[in-house]
Amino acid sequence: PIIPHLNGIVALAAFNIGVVVEAENGTLNSTMKKVQSPSASGREFITNVSGSKRSSSAMPAIPDARYVFDIPTTGSYKVYMRGYAASTACDQYWFRWNANSYTERTKTVGGGNWTWSETTATTLTAGTHTLDISYRDVN
1 PIIPHLNGIV
11 ALAAFNIGVV
21 VEAENGTLNS
31 TMKKVQSPSA
41 SGREFITNVS
51 GSKRSSSAMP
61 AIPDARYVFD
71 IPTTGSYKVY
81 MRGYAASTAC
91 DQYWFRWNAN
101 SYTERTKTVG
111 GGNWTWSETT
121 ATTLTAGTHT
131 LDISYRDVN
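So for the sequence shown, our numbering puts the first residue at 1; every next one is plus one.
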């Protein structure tokens with residue numbers, strides 16, 4: 001599970017090493033908020049508060065949400081996200097590992113349904129890593 005500006009993200013990273021992190025347990029900046037929901041796996045999800053659509057040149061210095069992972073073994077990892085968007089017009093987000101360049105995830109969810117999606121695989125070395133998420137589209 002991952003995070004974008006979708007109308008909400010339920011769970012963040014499910015690596016094949018068995019790590020599951022709820023989206024609401026990351027470090028959130030003031031552009032994001034937690035929303036309670038009985039249908040969310042942790043009873044909460046996150047969404048952006050407000051703003052305008054972001055291009056790659058408009059990315060904030062501080063991510064909307066940050067997650068820190070201790071990866072025990074060098075390998076290839078993906079992030080899986082369960083997200084919701086009212087339509088495909090607002091279903092995109094940006095993510096990056098270890099403060100590198102952001103990658104845009106497009107057409108991930110939409111149509112008024114909670115949907116799972118995944119990122120492309122990233123090679124991570126054993127040790128501590130950060131995953132940053134920033135919204136692209138607005139609610």
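Glycine residues also receive a C-beta, built at the ideal position from the N, C-alpha and C atoms. Since the structure is predicted, the reported quantities are computational estimates derived from the model, not experimental observations.
query, result
"Counting only the same chain and skipping the five closest in sequence on each side, list residues whose C-beta sits under 8 Å from that of proline 63.", "Asn29, Arg96, Asp132, Ile133, Ser134"
"What does DSSP give as the partner residues of glutamate 118 in its beta bridges?", "Tyr80"
"Would DSSP call alanine 65 helix, strand or coil?", "strand"
"When DSSP labels each residue in this structure, what does asparagine 113 get in the three-state scheme?", "strand"
"Can you find the residues in the same chain that come closer than 7 Å, C-beta to C-beta, to valine 68, ignoring five residues on each side of it along the sequence?", "Thr128, Thr130"
"Quick one, which of Leu124, Gly75, Thr119, Arg82 has its alpha-carbon nearest phenylalanine 170's?", "Shown here, the chain extends from 1 to 139; a query on residue 170 therefore has no answer."
"In chain order, what residues of the same chain have a beta carbon less than 8 Å from the beta carbon of valine 35, not counting five sequence neighbours either side?", "Gly8, Glu44, Phe45, Ile46, Thr47"
"Please classify asparagine 25: does DSSP put it in a helix, a strand, or coil?", "helix"
"Using the rule of at least 16 other Cβ atoms within 10 Å of the residue's Cβ for burial, across every protein chain shown, is glycine 26 buried or exposed?", "buried"
"Got a sec, what are the start and stop residues for the beta strand (DSSP E) arginine 43 sits in?", "First-last for arginine 43: undefined, no H or E at that position."
"Given that a residue counts as buried once 16 or more other Cβ atoms are within 10 Å of its Cβ, and exposed if not, what is serine 121?", "For the record, residue 121 in the displayed sequence is alanine; it is not serine. With fewer than 16 other Cβ atoms within 10 Å, it is exposed."
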